[in-house]
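Student: Pasting a structure below so you can have a look.
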Amino acid sequence: MNIKMTKITESVTYAGVLNPGMRTFDVIMHTEYGTSYNSYVVDGSEKTAIIEASHISFGNAYKGIIDEALGGKTPDYLILNHTEPDHSGCVKQVVQWFPYIEIVCTKAASIYLKNITNNDSLNFKIVKTGDELDLGGKTLQFYAAPFLHWPDSMFTYLPQDKVAFTCDFLGSHYCEPQVFDTDVTYPKKYIDSLKNYYDCIFAPFKPYVLSGLDILNSLDVEIVCPSHGPVLTSGGNLNTVKDAYLEWSTVVERENVLIPIFYCSAYGNTKKIAQAVQKGILQIFPNAECETYNIKNHNIAELAGLLNGCDAFLLGPLTINRDVVPPIWQLLAHADAINMAKRSVALFGSFGWSGEGFAHTAMRLQQLKCNLYDEQFKVNFVPTEEDLANAVAFGKRFAQTV
Ligand SMILES: Cc1cc2nc3c(=O)[nH]c(=O)nc-3n(C[C@H](O)[C@H](O)[C@H](O)COP(=O)(O)O)c2cc1C
Ligand SMILES: [Fe+2]
Ligand SMILES: [Fe+2]
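In our numbering, each residue carries its 1-based index in the sequence shown increased by 12.
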């Protein structure tokens with residue numbers, strides 16, 4: 013099913029494709045409510061532009077929709093605010109359908125697109141902040157918006173209609189068979205999917221999100237046309253969604269230092285060491301939020317939040333069969349690699365003979381560019397009272413480096 017042709021303003025027509033069945037996006041994201049690949053046609057008196065294309069799997073549906081939205085006109089420009097294949101997948105077909113079309117995008121986008129389409133002869137018009145395109149009575153203005161979502165990203169603004177096209181920014185993987193935010197049938201589900209989208213796509217890029225909001229706030233915008241989910245209007249959700257992005261991207265100063273201690277333990281040895289290390293840390297930071305977490309007993313999303321939001325952390329990597337156990341890998345697979353650099357971390361735990369868990373975990377932490385504490389606190393099998401006293405001292409030493 014697709015949405016019947018809908019006018020956003022007198023000169024902007026919605027031309028999106030629905031994918032209600034999508035349940036996974038970019039491998040990393042579960043999408044309970046499907047998505048839409050929004051595309052738009054902007055008509056001036058002289059020229060016509062398409063903004064964003066579509067996913068390669070939906071080429072035929074997109075052709076029907078774009079033809080209807082174009083109403084017999086031949087498009088002069090394809091504005092690509094971002095080249096991830098959920099928007100650029102159909103570019104190959106678009107240039108076959110409209111061979112004279114000029115592709116308007118940032119320099120980075122042009123480089124990516126050559127390798128996404130494997131076509132060296134695309135007709136590019138490279139733009140940067142401050143550039144504009146006259147369609148005849150309608151102007152498209154461009155604003156570089158790097159990392160929203162990729163380094164190639166930009167926003168396009170149509171001042172005469174007060175419309176901003178922001179691609180992924182303020183978007184959501186949420187599919188309903190209508191265009192405007194004011195028509196959403198399940199507002200709670202929509203807000204849940206907006207948050208899920210922010211967490212999976214934009215959470216690693218908080219400073220860039222704030223810059224994106226600054227761009228929008230410097231313009232007179234009444235409608236935001238994103239590339240996924242409902243079109244946002246000033247009478248509908250636009251301000252709510254902008255406020256949510258602001259709140260989610262603003263780093264709140266914590267009163268107390270957060271140093272979580274994660275571990276796995278089959279027979280309780282690593283657990284005892286974790287508790288002793290915790291004592292040491294609390295001697296240096298009496299008010300620290302310094303809980304111990306047996307990874308198997310907790311929800312991984314909760315632990316990932318602690319890992320990605322902490323000041324420093326400790327890991328107790330249990331060794332079983334010459335490898336570190338899977339929950340440790342699983343936790344580190346949830347590390348926000350973009351923001352882990354220089355995060356202080358120390359390793360502790362019990363082992364039996366070869367103790368590979370330590371080296372394997374250290375390697376992963378180095379890949380994440382963490383600041384790995386030189387000293388690793390290792391105990392052979394069951395810790396003695398003396399070992400536990402040494403673990404307390406180890407915790408103190410590590411805390412003093414944070
Ligand atoms: C099934 C199993 C396999 C193990 N394999 C290894 C190993 O390959 N290398 C090693 O150093 N220790 C190995 N160990 C020993 C544990 O690392 C050791 O018993 C340690 O004290 C367990 O700590 P915990 O009480 O925190 O679980 C193994 C233990 C078990 C139960
Ligand atoms: Fe994207
Ligand atoms: Fe996207």
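We treat Cβ as the ideally placed atom computed from N, Cα and C, and that holds for glycine.
Using a Cβ-Cβ cutoff of less than 6 Å, which residues in the same chain neighbour K291 once the five nearest sequence positions on both sides are dropped?
Tutor: V404
Student: Return yes when the C-beta of H161 is under 7 Å from any heavy atom of ligand 2, and no when it is not.
Tutor: yes
Student: On the premise that H94 lies in contact with D164, defined as a C-beta separation below 8 Å, what is that separation, rounded to the nearest angstrom?
Tutor: Yes, D164 and H94 are in contact; Cβ-Cβ is about 6 Å, under 8 Å.
Student: A176 to Y52, Cα distance in whole Å?
Tutor: 11 Å
Student: Along the alpha helix (DSSP H) that carries V107, what are the first and last residues, could you check?
Tutor: Secondary structure note for V107: its alpha helix (DSSP H) is the uninterrupted segment 103-109.
Student: Could you check the C-alpha separation between P219 and E398 for me, to the nearest Å?
Tutor: 47 Å
Student: Of all the options G183, I78, P97, V191, which has the alpha carbon lying nearest to the alpha carbon of D204?
Tutor: G183
Student: Do K381 and M352 have their beta-carbon atoms positioned less than 8 Å apart in this structure?
Tutor: yes
Student: Return the residue from the list D232, Y209, Y74, I296 that minimises the CA-CA distance to G46.
Tutor: Y209
Student: Note down the Cα distance separating I15 from D79, rounded to an integer number of angstroms.
Tutor: 14 Å
Student: What residues sit near ligand 3, counting only those whose C-beta is closer than 7 Å to one of its heavy atoms, in chain order?
Tutor: H94, E96, D98, H99, H161, C179, D180, G183, S239, H240
Student: Taking the beta carbon of T331 as the centre, do at least 16 other beta carbons fall within 10 Å, making it buried, or is it exposed?
Tutor: buried
Student: So, do the segment 73-87 and the segment 152-166 have three or more beta carbon pairs nearer to each other than 8 Å?
Tutor: no
Student: Go ahead and label F70 buried or exposed: buried means 16 or more other beta carbons lie within 10 angstroms of its beta carbon, across all protein chains shown.
Tutor: Result: buried.
Student: Using a threshold of 8 Å, state whether the C-beta atoms of T25 and A81 are closer than that.
Tutor: Cβ distance < 8 Å, so T25 and A81 count as in contact.
Student: Measuring CB to CB, does E259 end up less than 8 Å from S246?
Tutor: no
Student: In the structure shown, what three-state DSSP assignment does S205 receive?
Tutor: helix
Student: Within 7 Å: the Cβ of L330 and any heavy atom of ligand 1?
Tutor: yes
Student: From what residue to what residue does the beta strand (DSSP E) around N476 run?
Tutor: Since the first and last residues shown for the chain are 13 and 414, residue 476 lies out of range.
Student: Taking the alpha-carbon of R355 as reference, which of Q379, K119, Q287 has the nearest alpha-carbon?
Tutor: Q379
Student: Assign G142 to one of two classes, buried (16 or more other C-beta atoms within 10 Å of its C-beta) or exposed (fewer than that).
Tutor: exposed
Student: Alpha carbon to alpha carbon, how far is M41 from I213? Give it in angstroms, no decimals.
Tutor: 9 Å
Student: Ligand 1 and F70: does the residue's C-beta get closer than 7 Å to at least one heavy atom of that ligand?
Tutor: no
Student: What do you reckon, is the C-beta of Y279 under 7 Å from a heavy atom of ligand 1?
Tutor: yes
Student: What's the call for G474, buried or exposed, on a 16-neighbour Cβ count within 10 Å?
Tutor: Because the chain spans 13 through 414 in this model, residue 474 falls outside it and cannot be assessed.
Student: Within 10 angstroms of its Cβ, does S57 collect 16 or more other Cβ (buried), or is it exposed?
Tutor: exposed
Student: If you draw a straight line from the C-alpha of P171 to the C-alpha of K59, how long is it?
Tutor: 16 Å
Student: Going residue by residue through the segment 263-307, where are the continuous beta strand (DSSP E) segments of at least 3 residues, counting only ones entirely within it?
Tutor: 273-275, 304-306
Student: Among residues of its own chain, excluding the 5 on either side of Y124, which ones have a beta-carbon nearer than 7 Å to its beta-carbon?
Tutor: If you ignore the 5 residues before and after Y124, its C-beta comes within less than 7 Å of the C-beta of T95, D164, all in its own chain and listed in chain order.
Student: Quick one: what does DSSP say G361 is sitting in, helix, strand or coil?
Tutor: strand
Student: Specify whether the segment 260-277 and the segment 228-243 touch according to this definition: at least 3 beta carbon pairs, one from each stretch, less than 8 Å apart.
Tutor: no
Student: Quick check: what's the CA-CA separation for K104 versus F217?
Tutor: Distance between the alpha carbons of K104 and F217: 30 Å.
Student: DSSP puts D146 in a beta bridge; with which residues?
Tutor: T151
Student: According to DSSP, simplified to helix, strand and coil, what is F410?
Tutor: F410 sits in a helix when the DSSP states are folded into three classes.
Student: R409: beta carbon under 7 Å from a heavy atom of ligand 1?
Tutor: Not a single heavy atom of ligand 1 lies less than 7 Å from the C-beta of R409.
Student: Consult DSSP for D173 and reduce its assignment to one of helix, strand or coil.
Tutor: helix
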